[in-house]
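Below you'll find the structure, written out as structure tokens, and then a few comments.
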Amino acid sequence: MITTQASETVQDERTLQVYRVYIKRTPEKVWQAITDPEWNGRYGYGAPQFFDLRPGGSYRSTASEEMRKVSDEMGYGIPDVVVDGEVLEADPPRKLVQTFRMLMSPDAAADGFTQLTYEIFEVAPGVSRLTVTHDVTGAPSLAAVVAGAYEDQGGGGGGGWAWILSDLKSLLETGSVLAG
Amino acid sequence: MTCDLSVTYLARVTDDDRVFKALADPTRRFLLDLLFARDGRTLTELESTLEMTRYGVMKHLRVLEEADLVVSRRSGREKLHYLNPVPIRLIHDRWIDKYTERHVGALVDLKHELEEPL
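Protein sequence lines, in the order shown, are assigned to chains A and B. Number 109 in the working numbering belongs to position 109 of the first sequence; there are no gaps in the numbering. Count along the second sequence starting at 1, add 1000, and that's the number in the working numbering.
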């Protein structure tokens, strides 16, 4: 009984979300799609992301045209930088660890910095396994967003990581993103 | 023979069969529901909610892991299980959306036809 209680406590302290997708492209290609703003603004939320790929380097994602348009239509402003953070570890094309703070809404911004890890493993020549681990401990608003809780509410809420990774797979394998 | 491994992997990553088979069992769907409610659980925790032997639960978890619906991570001496919703998302995006679009398209066609002046 004591062990169960102990693991419950650990669970409460740390909240991880784990996502995995196989992509029929080399790790180098997957790495590029994640870290190069020419690529990473073409899937998911469509907001380009800029990495300074060294420990302590900066990370930021800027609002896309689409995001600005939607938020203007809905009558609220969004900041120029929608996500910020810091690169903690960059080991191309295998591992990227960064902090991540969403600034889209005051609630999410109040959650503060979370930790995001990308791991790429080549399971066969030209086939990569991408695992995204998002440590959203103490960040309930962000945890809901990245789990896709607001997908059906429109306004660019999106389907979170599962949706982003499905879109990334589609872009890399077929050259186009998913409709809608 | 050298490309057997890559063929197997390719079959694995392109084939939705594993996901459908993994989902075609009430115990495994129940395990996914448990992990959806709260993931990062150990085998012992999952086992305590099921009237099944430890070995039985392990077998079901293995099927779910092979379908990538569950991803396990080591944390110290414990193996924690996480729900990975991506395979279901891929099926949704590849199949269900396609048919939804077709329904929408069919309705639009019907509307055009009905509204067309005689």
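Beta carbons are placed, not taken as given, at the ideal position from N, Cα and C, and that holds for glycine.
| said: Helix, strand or coil, according to DSSP, for F1020/B in the structure here? | reply: helix
Check: Along chain A, which residues have their Cβ under 9 Å away from the Cβ of Y1055/B?
Finding: What Y1055/B touches in chain A: nothing, since even the nearest Cβ is about 20 Å away.
### Query
Nearest chain A C-beta to P1026/B closer than 8 Å, yes or no?
no
Review point. Taking only beta-carbon atoms, is G1061/B less than 8 Å away from chain A?
Key: The residue asked about is misnamed: residue 1061/B is Leu in this sequence, not Gly. Chain A contact via Cβ: absent.
With 8 Å as the threshold, decide whether the Cβ of G175/A is near any Cβ in chain B. no
*Could you give the DSSP three-state label for Y43/A: helix, strand or coil?*
coil
Specify, as a first and last residue, the run of the beta strand (DSSP E) that K95/A falls within.
95-102
- Task: Classify L165/A as helix, strand or coil using the three-state DSSP reduction.
- Result: helix
Item to check | At least 3 beta-carbon pairs within less than 8 Å: the stretch 95-107 of chain A vs the stretch 133-153 of chain A | outcome: yes
* What does DSSP give as the partner residues of Q49/A in its beta bridges? -> S61/A
| query | Do W163/A and R1089/B have their CB atoms nearer than 8 Å? | reply | yes
Task: Limits of the beta strand (DSSP E) - the one that E122/A falls within - done: 114-124
Q: Taking all protein chains shown into account, decide if S61/A is buried (16 or more other Cβ within 10 angstroms of its Cβ) or exposed.
A: buried
CA nearest to the CA of G56/A, picked from W39/A, V83/A, A90/A = A90/A
Check your understanding: For R14/A, which three-state DSSP category applies?
Key -> coil
Residues bridged to L1080/B (per DSSP): R1073/B
Find out if the Cβ-Cβ distance for the pair D1039/B, L1083/B is shorter than 8 Å. yes
Can you tell me which of S64/A, Y19/A, E65/A, L178/A puts its alpha carbon nearest to the alpha carbon of A1067/B? Y19/A
Practice task
Please name the residue or residues paired with I23/A in a DSSP beta bridge.
Solution key: S128/A
- prompt: Which term fits V167/A, buried or exposed, when burial requires 16 or more other beta carbons within 10 angstroms of its beta carbon?
  reply: The residue asked about is misnamed: residue 167/A is Asp in this sequence, not Val. The residue in question, D167/A, is buried, as its Cβ has 16 or more Cβ neighbours within 10 Å.
message: To be precise: take each residue of the stretch 1019-1048 of chain B, compare its Cβ to all Cβ atoms of chain A, and keep it if any distance is under 9 Å. Which residues remain?
response: R1038, D1039, G1040, R1041, T1042, T1044, E1045, S1048
### Query
By DSSP, does D135/A sit in helix, in strand, or in coil?
strand
(Q) Once DSSP output is grouped into helix, strand and coil, what is the label at G56/A? (A) coil
Shorter than 8 Å from the beta carbon of L16/A to some beta carbon of chain B?
yes
Alpha-carbon spacing of K29/A relative to L172/A, whole angstroms
8 Å
Is the CB-CB distance between L130/A and L88/A below 8 Å? no
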